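Asks:
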Amino acid sequence: MTFDLGKAMAKKGEFESARLAEFGFRQRARTFRMMAGELGAEPADLVAMVAQMDDEAILQELRIRFLAQADRIEAAYGRCVAEARAQLIRERGDPTPHRLA
Numbered sequence: 001m002t003f004d005l006g007k008a009m010a011k012k013g014e015f016e017s018a019r020l021a022e023f024g025f026r027q028r029a030r031t032f033r034m035m036a037g038e039l040g041a042e043p044a045d046l047v048a049m050v051a052q053m054d055d056e057a058i059l060q061e062l063r064i065r066f067l068a069q070a071d072r073i074e075a076a077y078g079r080c081v082a083e084a085r086a087q088l089i090r091e092r093g094d095p096t097p098h099r100l101a
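Residues in the sequence shown are numbered from 1 upward in steps of one, following UniProt numbering.
(1) Going by other Cβ atoms of all chains shown within 10 Å of its Cβ, with 16 needed for buried, is GLN52 buried or exposed?
(2) VAL50 to THR2, Cα distance in whole Å?
(3) Since ALA76 and MET35 should fall inside the 8 Å C-beta cutoff, what is the C-beta to C-beta distance between them, to a whole number of angstroms?
(4) Nearest CA to the CA of PHE25: which residue from VAL47, ASP4, ALA8?
(5) Can you round the beta-carbon distance between ARG33 and PRO95 to whole angstroms, since I take them to be within the 8 Å contact cut?
(6) Identify which residue in LEU67, LYS12, GLU22 has its Cα closest to the Cα of ALA41.
(7) Would you kindly check if the distance between the Cβ of ARG30 and the Cβ of GLN87 is under 8 Å?
(8) DSSP state of ALA41, grouped into three classes?
(9) So what does DSSP say about GLN52, is it helix, strand or coil?
(10) For ILE64 and ASP45, I'd like the C-alpha separation in whole angstroms.
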């Protein structure tokens, strides 16, 4: 029985891609849940949009829904993205791919 390096690298690539995709989804969901708190919206409504729209489309929808707070939305988004990432790194570890060296 021999070790197939190509097969091992393909498996690692699939694993890393899935891990990064999961981290990214968790970060997006947490970001918009935090944004809901800042805007006074229902968190479940914003998190549901994560599966249906990209971030820019969600932000545009928020600008329309919360017209009075439209100028705060970009700043809140930046803060929430950074905080969501920091929380997830503390909970789940750094998502940077592990290199084979």
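Yeah, the Cβ is synthetic: ideal placement off N, Cα and C, and Gly gets one too.
Note that this is a predicted model, so its numbers are computed, not measured.
Replies: Taking the definition as stated:
(1) Exposed, since its Cβ has fewer than 16 Cβ neighbours within 10 Å.
(2) 44 Å
(3) 6 Å
(4) VAL47
(5) Rounded, the Cβ-Cβ distance is 19 Å, inconsistent with contact.
(6) LEU67
(7) yes
(8) In the three-state scheme derived from DSSP, where H, G and I count as helix and E and B as strand, ALA41 is classed as coil.
(9) Coil, per DSSP.
(10) 15 Å
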